[in-house]
Structures are given as C-alpha cells and as structure tokens.
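Going by our numbering, the first residue of the sequence shown is number 586, and it counts up by one from there. Just so it is clear, CB atoms sit at the ideal spot from N, CA and C, and this is done for glycine as well.
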Amino acid sequence: QLAFAAFVAVLFIQSGLDKVFNWKSEKDFYTQHFSKSILNGSVPLLMPTITLMELAAGVLSAIGFFQVLFTQQTGIGTLGMLFAVAALTMLFFGQRVAKDYKGAAVLVPYFLVAVAGLWVFLGA
C-alpha cells in the first residue's frame, strides 16, 4: 500500500503542479492537440477538470500514505487510487480521441499500477 500510494502521489502531484505552473503553455499544447477532434474547443473546461483530478489523486494518495503508515487505515489511500484510476481513464480517453495512439499506450502501465493499487487498498 505504501509503495502504491507513494508512486501515485509523486506521479499526480508533479503532473498537476506542472499544469498549474505552466498553465498557458499546457493550454496551448492541449488546444492544438485536440484541434481536430470532438474535444476541439473544450480545453478551457477539460484542463481544469483533469488538473483537479490529478491533484486530488496525488494529495489523497500522499495523505493516504501517512494514514497507512501511522494508523493502518486505508480509506484516504483508497480514494487516492480511485481518483488516479479516474484521471488516467480521462487521459487515456483524450489521447484516443486525439488519435495519439502512442500517447495512449504510454498511459497503460500507469493505469495498471493504479488499478493494482486500488485492488491492494480494497483487499486490505
């Protein structure tokens, strides 16, 4: 549980904060990335949504790490894993819709780690 929580915390806190601190360049990239897809024009709505999902997954996983470490409780870590699975599903959907199949494929190992983490947290 600790390894899964730490991994997801690092992954999503870094990714979410990268979007926050580089908002304009990230927005410009995603606007271009989705310009020829059904998501064209939706980046101003979707980018804050995915950023909040990523930050929630990361922060909940970080808190969950310490919750498991100090109390052996798993509730917050489980929520972190759920948010991670949801965020990765959203990212995967976006890559597929944009026809960025290589980008979608890169997400699969992360998704499998998040699903395994959820399974471990639920099994505890």
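| Check | Outcome |
| --- | --- |
| 7 Å Cβ cutoff met for VAL605 and THR616 | no |
| LYS604 (DSSP reduced to helix, strand or coil) | helix |
| Rounded straight-line distance, which links the Cα of ALA671 to that of GLN586 | 19 Å |
| Helix, strand or coil at ILE623 according to DSSP, with G and I counted as helix | coil |
| CB-CB length for GLY662 against PHE650, believed under 8 Å | 7 Å |
| Beta-carbon proximity list for VAL705, same chain, < 7 Å, skipping 5 on both sides | GLN586 and PHE589 |
| Straight-line Cα distance separating MET638 from GLY609 | Here the sequence assigns Lys to residue 609, which means Gly is not the residue at that position. Between LYS609 and MET638, the C-alpha separation is close to 19 Å. |
| Status (buried if at least 16 other CB within 10 Å, exposed otherwise) for ILE635 | buried |
| Counted within 10 angstroms of its Cβ, other Cβ atoms place VAL653 as buried (16 or more) or exposed | buried |
| For ALA669 and ALA642, believed in contact at Cβ under 8 Å, the rounded distance | 4 Å |
| ALA641 - containing alpha helix (DSSP H), residue span | 628-656 |
| Coil, strand or helix - GLN617 by DSSP | helix |
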